[in-house]
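Undergrad: What follows is a single structure, and I will ask about it in a moment.
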Amino acid sequence: MTEEPAYALFPDTEAQRAPSSAPEVPREPILRLTDVGKTYRSGSLTVEALRGVTLTVDEGDFVAIMGPSGSGKSTLMHILGCLDVPTTGAYRLAGEDVSAMRESQLADVRNRRIGFVFQQFNLLATMSAWRNVELPLVYAGLSRPERKARALASLARVGLADRVDHRPGELSGGQQQRVSVARALVTDPQLLLADEPTGNLDSASTEDVLALFDELNDQGRTIVIITHEQDVADRAHRSVQIRDGRFIDAAAVHTRVGSGR
Amino acid sequence: MSWLETLRTAYDAIRTRRMRSALTMLGILIGIAAVMLTVGLGQGAQQQVASQIDKLGSNLLIVSPGSTTSLTGVRGGRGSATTLTTADAVMLADPSVAPDVKAVAPTSTTQASLTADGTNWTTSVVGTTPSWPEVRARTLSSGRFFTAEELADAQTEAVLGQTTAQELFGARDPVGQQVSIGSQPFTVIGVLATVGSTVGGDQDDQAVVPATTYADVVSPGAGTSVSSIYLEAAGQDVLSAAYQEADNALLTSHGVSATDADFTLSSQQSIVQTATSTSRTLTVLLGGIAAISLLVGGIGVMNIMLVSVTERIREIGLRKALGATPRVIRRQFLTEASLLGLAGGVLGLLLGVLGAAFLPSLIGQPVTVSTVAAVAAIAISVVIGVVAGVYPASRAARLSPIDALRSE
Ligand SMILES: Nc1ncnc2c1ncn2[C@@H]1O[C@H](COP(=O)(O)OP(=O)(O)OP(=O)(O)O)[C@@H](O)[C@H]1O
Ligand SMILES: [Mg+2]
Numbered sequence: 276m277t278e279e280p281a282y283a284l285f286p287d288t289e290a291q292r293a294p295s296s297a298p299e300v301p302r303e304p305i306l307r308l309t310d311v312g313k314t315y316r317s318g319s320l321t322v323e324a325l326r327g328v329t330l331t332v333d334e335g336d337f338v339a340i341m342g343p344s345g346s347g348k349s350t351l352m353h354i355l356g357c358l359d360v361p362t363t364g365a366y367r368l369a370g371e372d373v374s375a376m377r378e379s380q381l382a383d384v385r386n387r388r389i390g391f392v393f394q395q396f397n398l399l400a401t402m403s404a405w406r407n408v409e410l411p412l413v414y415a416g417l418s419r420p421e422r423k424a425r426a427l428a429s430l431a432r433v434g435l436a437d438r439v440d441h442r443p444g445e446l447s448g449g450q451q452q453r454v455s456v457a458r459a460l461v462t463d464p465q466l467l468l469a470d471e472p473t474g475n476l477d478s479a480s481t482e483d484v485l486a487l488f489d490e491l492n493d494q495g496r497t498i499v500i501i502t503h504e505q506d507v508a509d510r511a512h513r514s515v516q517i518r519d520g521r522f523i524d525a526a527a528v529h530t531r532v533g534s535g536r
Numbered sequence: 028m029s030w031l032e033t034l035r036t037a038y039d040a041i042r043t044r045r046m047r048s049a050l051t052m053l054g055i056l057i058g059i060a061a062v063m064l065t066v067g068l069g070q071g072a073q074q075q076v077a078s079q080i081d082k083l084g085s086n087l088l089i090v091s092p093g094s095t096t097s098l099t100g101v102r103g104g105r106g107s108a109t110t111l112t113t114a115d116a117v118m119l120a121d122p123s124v125a126p127d128v129k130a131v132a133p134t135s136t137t138q139a140s141l142t143a144d145g146t147n148w149t150t151s152v153v154g155t156t157p158s159w160p161e162v163r164a165r166t167l168s169s170g171r172f173f174t175a176e177e178l179a180d181a182q183t184e185a186v187l188g189q190t191t192a193q194e195l196f197g198a199r200d201p202v203g204q205q206v207s208i209g210s211q212p213f214t215v216i217g218v219l220a221t222v223g224s225t226v227g228g229d230q231d232d233q234a235v236v237p238a239t240t241y242a243d244v245v246s247p248g249a250g251t252s253v254s255s256i257y258l259e260a261a262g263q264d265v266l267s268a269a270y271q272e273a274d275n276a277l278l279t280s281h282g283v284s285a286t287d288a289d290f291t292l293s294s295q296q297s298i299v300q301t302a303t304s305t306s307r308t309l310t311v312l313l314g315g316i317a318a319i320s321l322l323v324g325g326i327g328v329m330n331i332m333l334v335s336v337t338e339r340i341r342e343i344g345l346r347k348a349l350g351a352t353p354r355v356i357r358r359q360f361l362t363e364a365s366l367l368g369l370a371g372g373v374l375g376l377l378l379g380v381l382g383a384a385f386l387p388s389l390i391g392q393p394v395t396v397s398t399v400a401a402v403a404a405i406a407i408s409v410v411i412g413v414v415a416g417v418y419p420a421s422r423a424a425r426l427s428p429i430d431a432l433r434s435e
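Chains as they are written, first to last, in my numbering: chain B, 276 to 536; chain X, 28 to 435.
If you want it as structure tokens, here you go:
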């Protein structure tokens, strides 16, 4: 099962996607951020986490976001993942104006289109690995046997086939990270957003996860990844640098050299 | 998300926090059991009183001398006056006067000492007419009741209650034996079947004699006055007609208006009402206290749900991040609260039923658990669960996913 390409496991979601992958001219980028700002206010204190960020990501792209701690990477990622709304600017996801959506529609978008790998894993401590992984499918309305099959397949893809019944507390940091990757993949999302997915992994596990991302990207999934590590960023098609809530060189697109894949 | 899935998630959440869920349920459980038992006790007491009054006789009207309706209270109280006579009984027995009255039994009662073979027993001696067994719905376990001829001849014959016969004759058959009432010897001709106690006292401890004999030898000073007249209406449907007829006939023959009536006419229902109103007040009071404990249980559920929302704020954030809509989150917490309420209610019901089974043997009072009460108990606990869950549930549903995820 692990050898099969991911989309073969998810025939119906593949069918759902069919219209959007039909040739369109001009093709709408999957992500389009226009002059997005985010200001946090807590009492008299305001923090401008993002100051006018513009970014377009085409379908099938693989983008790495780099920047020092506190530069606004996670904030940006949360906006991209529809977990938070920008204070200013516009955000369109797959052609739809996200800022105009109601909370229930946003929940639906998060569920159907986006797989999110959190910086702090965010696994439920009381549930086993596979129960954690099946959660997005619960909200997608799949039947229990189907959910379990997909969750197990997804865990197998990240190399945790033998840990499916373990709770997060019984797993190492790297294993927990992989469970959260498996959960992001389980819905076979169009868009994979990962906030430092390899931050807690050793070089071997990092390589496994990155190979998985490469594979998913080859299958046409769009990936945006936050990382501190240059060699992780090098795997992406391009990388952008963020500092103090701004891209330092919006034009700086480092196209990946070589195509070993 | 399907209802089944919501239920499953709620069940998992409850099971994961076993101890806390159990304590929450305990609050509801105790409340429901307390309400059921107090209400059951009250209903049991009321039914007991009602069945005792049923034993007085069916479709019964009772005329007592004196008035209790007097505002001044100058006239003698009910039962103490001597305004009722055997003539009143004869008049009421006339079908042309009171067509809906089927049978009339005037009674006079006094305490007297009975002696049989050197055994003494003090009890109430009742002087009445042969219609008494019918009117009072009594049967005989052995022997017979006296006849109209024997009444006319003022025979010295007595019918004994079960207890009286037991006390005087022990295991021997009393029928045909001699018993002295005061100094006058009587022949025992029958023994009444047992009915137990009623509001009027122990109905198994009495001696019944012909009214004429009673006036001659048992209580010669009483003359023709009687202590009460029992009337049996021809049926349940003509009870109020019989009441009106008797009332009018007595007012006319006594020559008084309704406002200064020298008698009191009461129906079986009015006696039931008087007798049960006290126990009802007690039931309401106790039930109220029990209801407060149920309310406290409900607040307990609410408290737990609020703590649960606060404690699981990251979980809620995560679930929302993964695609749970506010409606789904709200439904999940509501379901959780209702399940807690339902479980507490079912357990409380079980405890209440168990209590109703064992309590009577401890306190000697019947406890009634009706299906209505059981269904109500379950319904109330679910409602408590839902009400207690609404606020925490909507709080959880309103949280923004990222704020919830970030909170510690
Ligand atoms: N909820 C919040 N309220 C106030 N300020 C916030 C909030 N979240 C983030 N910030 C601030 O916004 C800035 C950007 O935070 P963010 O989490 O996006 O940084 P980051 O680039 O992801 O850092 P790291 O690499 O350490 O994860 C920081 O200065 C942070 O203090
Ligand atoms: Mg971050």
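Beta carbons are placed, not taken as given, at the ideal position from N, Cα and C, and that holds for glycine.
No experiment lies behind these values; they were computed from the predicted model shown.
1) Which of the three DSSP states is assigned to methionine 402 (chain B) in this structure?
2) Could you give the first and the last residue of the continuous beta strand (DSSP E) run that contains asparagine 147 (chain X)?
3) Could you check where the beta strand (DSSP E) with threonine 134 (chain X) kicks off and where it finishes?
4) May I have the straight-line CA-CA distance separating threonine 310 (chain X) from valine 215 (chain X), to the nearest angstrom?
5) In the DSSP assignment, the beta strand (DSSP E) including threonine 291 (chain X) goes from what residue to what residue?
6) Along the chain, where does the beta strand (DSSP E) containing glycine 364 (chain B) start, and where does it finish?
7) Label methionine 46 (chain X) either buried or exposed according to how many other C-beta atoms from any shown protein chain fall within 10 Å of its C-beta, with 16 as the threshold for buried.
8) Cα separation between arginine 102 (chain X) and serine 91 (chain X)?
9) For phenylalanine 396 (chain B), name the three-state secondary structure that DSSP assigns.
10) For tyrosine 315 (chain B), verify whether its CB is less than 6 Å away from any heavy atom of ligand 1.
11) Just curious, the alpha helix (DSSP H) that threonine 362 (chain X) is in, first and last residue?
12) Serine 434 (chain X) touches chain B at which residues, Cβ-Cβ below 8 Å?
13) Looking only at C-alpha atoms, which of X:Arg354, X:Met52, X:Arg433, X:Thr134 sits nearest to alanine 116 (chain X)?
14) Would you list the residues whose beta-carbon is nearer than 7 Å to any heavy atom of ligand 2, in the order they occur in the chain?
15) Does alanine 185 (chain X) come out as helix, strand or coil in the three-state DSSP assignment?
16) Around the Cβ of threonine 99 (chain X), are there at least 16 other Cβ atoms within 10 angstroms (buried) or fewer (exposed)?
17) Going by alpha carbons, who is nearest to glutamine 271 (chain X) out of X:Leu322, X:Ser294, X:Ile59, X:Ile331?
18) Can you confirm whether glutamate 409 (chain B), when its beta carbon is compared against all beta carbons of chain X, has any partner nearer than 7 Å?
19) According to DSSP, simplified to helix, strand and coil, what is glycine 197 (chain X)?
20) Where do the ends of the alpha helix (DSSP H) carrying glutamate 161 (chain X) lie?
21) Check whether the segment 254-268 of chain X touches the segment 202-220 of chain X, counting contact only when three or more Cβ pairs, one atom from each stretch, lie closer than 8 Å.
22) Could you tell me whether the Cβ of glutamate 378 (chain B) comes closer than 7 Å to any Cβ of chain X?
23) Does the segment 398-418 of chain B come within contact of the segment 459-471 of chain B, defined as at least 3 CB pairs closer than 8 Å?
24) Taking only beta-carbon atoms, is isoleucine 429 (chain X) less than 7 Å away from chain B?
25) Output needed in chain order: residues of the segment 346-366 of chain X with a Cβ under 8 Å from some Cβ in chain B.
26) Could you give the C-beta distance for arginine 341 (chain X) and serine 434 (chain X), rounded to a whole number, given that I count them as a contact under 8 Å?
27) State yes or no: is the C-beta of valine 322 (chain B) nearer than 6 Å to some heavy atom of ligand 1?
28) Can you find a heavy atom of ligand 1 that lies under 6 Å from the Cβ of serine 455 (chain B)?
29) What residues match up with alanine 469 (chain B) in a beta bridge as DSSP calls it?
30) Flag this pair as yes or no: are the beta carbons of alanine 132 (chain X) and tyrosine 257 (chain X) separated by less than 7 Å?
31) List the residues of chain X that leucine 427 (chain B) touches, going by C-beta distances under 9 Å, in chain order.
32) Hey, arginine 142 (chain X) and serine 207 (chain X): beta-carbon distance below 7 Å or not?
33) Could you tell me if threonine 166 (chain X) is buried or exposed, where buried requires 16 or more neighbouring beta carbons within 10 angstroms of its beta carbon?
34) Residues of chain B with CB closer than 8 Å to the CB of threonine 43 (chain X), please, in chain order.
35) Just mark alanine 60 (chain X) as buried or exposed, buried being the case when its beta carbon has 16 or more other beta carbons within 10 Å.
36) Taking Cβ-Cβ distances shorter than 7 Å, what residues in chain B pair up with glutamate 342 (chain X)?
TA: With the structure as the only source:
1) The residue labelled residue 402 (chain B) in the question sits at position 127 within the first sequence. Coil at methionine 402 (chain B), not helix or strand.
2) Here residue 147 (chain X) is taken as the residue at index 120 of the second sequence, counted from 1. First-last of the beta strand (DSSP E) with asparagine 147 (chain X): 146-155.
3) Locating residue 134 (chain X) in the second sequence gives position 107, counting from the first residue. Per DSSP, the continuous beta strand (DSSP E) segment holding threonine 134 (chain X) begins and ends at 128-143.
4) As a working mapping, residue 310 (chain X) is identified with position 283 in the second sequence. As a working mapping, residue 215 (chain X) is identified with position 188 in the second sequence. Their backbone Cα atoms lie some 45 Å apart in a straight line.
5) By 1-based counting over the second sequence, the position of residue 291 (chain X) is 264. Segment 290-294, the beta strand (DSSP E) holding threonine 291 (chain X).
6) Numbered from 1 along the first sequence, position 89 holds the residue referred to as residue 364 (chain B). Residues 363-368.
7) Residue numbering aside, residue 46 (chain X) sits at position 19 when the second sequence is read from its first letter. By the neighbour-count rule (16 or more Cβ atoms within 10 Å), methionine 46 (chain X) is not buried but exposed.
8) The sequence position of residue 102 (chain X) within the second sequence is 75, counting from 1. The sequence position of residue 91 (chain X) within the second sequence is 64, counting from 1. Any reading at arginine 102 (chain X) is ruled out, since the residue's pLDDT is 43, under 50, leaving its predicted position unreliable.
9) Here residue 396 (chain B) corresponds to residue number 121 of the first sequence, with the count starting at 1. Phenylalanine 396 (chain B) falls in the coil class under three-state DSSP.
10) Here residue 315 (chain B) corresponds to residue number 40 of the first sequence, with the count starting at 1. Correct: tyrosine 315 (chain B) has its Cβ closer than 6 Å to ligand 1.
11) Position 335 of the second sequence holds residue 362 (chain X). Residues 353-390.
12) Translated into positions along the second sequence, residue 434 (chain X) becomes position 407. Per Cβ cutoff of 8 Å: no residues; serine 434 (chain X) is ~12 Å from chain B at best.
13) As a first step, residue 116 (chain X) is located in the second sequence; it is residue number 89 there, counting from the start. Of the listed residues, the one whose Cα sits closest to alanine 116 (chain X) is X:Thr134.
14) B:Lys348, B:Ser349, B:Gln394, B:Asp470, B:Glu471, B:Ile501
15) The residue given as residue 185 (chain X) occupies position 158 in the second sequence. If DSSP states are grouped into helix, strand and coil, alanine 185 (chain X) belongs with the strands.
16) Indexing the second sequence from 1 puts residue 99 (chain X) at position 72. Residue placement at threonine 99 (chain X) cannot be trusted, given a pLDDT of 41 that sits under 50; what the coordinates show is reported in the next sentence. Exposed, since its Cβ has fewer than 16 Cβ neighbours within 10 Å.
17) Position 244 of the second sequence, counting from 1, holds the residue named residue 271 (chain X). Ranking X:Leu322, X:Ser294, X:Ile59, X:Ile331 by Cα distance to glutamine 271 (chain X) puts X:Ser294 first.
18) For the purposes of this step, residue 409 (chain B) is identified with residue 134 of the first sequence, where counting begins at 1. Proximity of glutamate 409 (chain B) to chain X, defined by a Cβ-Cβ separation below 7 Å, is not satisfied.
19) To locate residue 197 (chain X), count along the second sequence from 1; it is residue 170. Glycine 197 (chain X): coil per DSSP, three-state reduction.
20) Locating residue 161 (chain X) in the second sequence gives position 134, where the first residue counts as 1. Element bounds for glutamate 161 (chain X): 159-162.
21) They do not touch, by the three-pair rule.
22) One-based indexing of the first sequence puts residue 378 (chain B) at position 103. Judged by the 7 Å Cβ criterion, glutamate 378 (chain B) is in contact with chain X.
23) With a cut-off of 8 Å, the segment 459-471 of chain B and the segment 398-418 of chain B count as touching, because enough Cβ pairs lie within range.
24) Here residue 429 (chain X) corresponds to residue number 402 of the second sequence, with the count starting at 1. Closer than 7 Å to some Cβ of chain B, the Cβ of isoleucine 429 (chain X) qualifies, so yes.
25) Arg346, Lys347, Ala348, Leu349, Gly350, Ala351, Thr352, Pro353, Arg354, Val355
26) Position 314 of the second sequence holds residue 341 (chain X). Position 407 of the second sequence holds residue 434 (chain X). Going by Cβ atoms, the distance from arginine 341 (chain X) to serine 434 (chain X) rounds to 7 Å, so yes, they are a contact pair.
27) By one-based count along the first sequence, residue 322 (chain B) stands at place 47. Indeed, a heavy atom of ligand 1 lies less than 6 Å from the Cβ.
28) Translated into positions along the first sequence, residue 455 (chain B) becomes position 180. Not so, every heavy atom of ligand 1 lies at least 6 Å from the Cβ.
29) As a working note, residue 469 (chain B) is residue 194 in the first sequence. Partner(s): B:Val392, B:Ile500.
30) The sequence position of residue 132 (chain X) within the second sequence is 105, counting from 1. The sequence position of residue 257 (chain X) within the second sequence is 230, counting from 1. Yes; because the gap between Cβ atoms is below 7 Å, this pair is in contact.
31) Counted from its first residue, the first sequence places residue 427 (chain B) at position 152. Here the premise fails: no neighbours, minimum Cβ distance about 18 Å.
32) Here residue 142 (chain X) corresponds to residue number 115 of the second sequence, with the count starting at 1. Here residue 207 (chain X) corresponds to residue number 180 of the second sequence, with the count starting at 1. The sequence given here places threonine at residue 142 (chain X); arginine does not occur at that position. Yes.
33) Residue 166 (chain X) sits at position 139 when you count from the first residue of the second sequence. Exposed: under 16 other Cβ atoms inside 10 Å.
34) Along the second sequence, one-based indexing puts residue 43 (chain X) at 16. Within 8 Å Cβ-Cβ: Thr401.
35) Here the question's residue 60 (chain X) lines up with position 33 in the second sequence. Label assigned to alanine 60 (chain X): buried.
36) Position 315 of the second sequence, counted from the first residue, corresponds to residue 342 (chain X). In chain order: Leu399.
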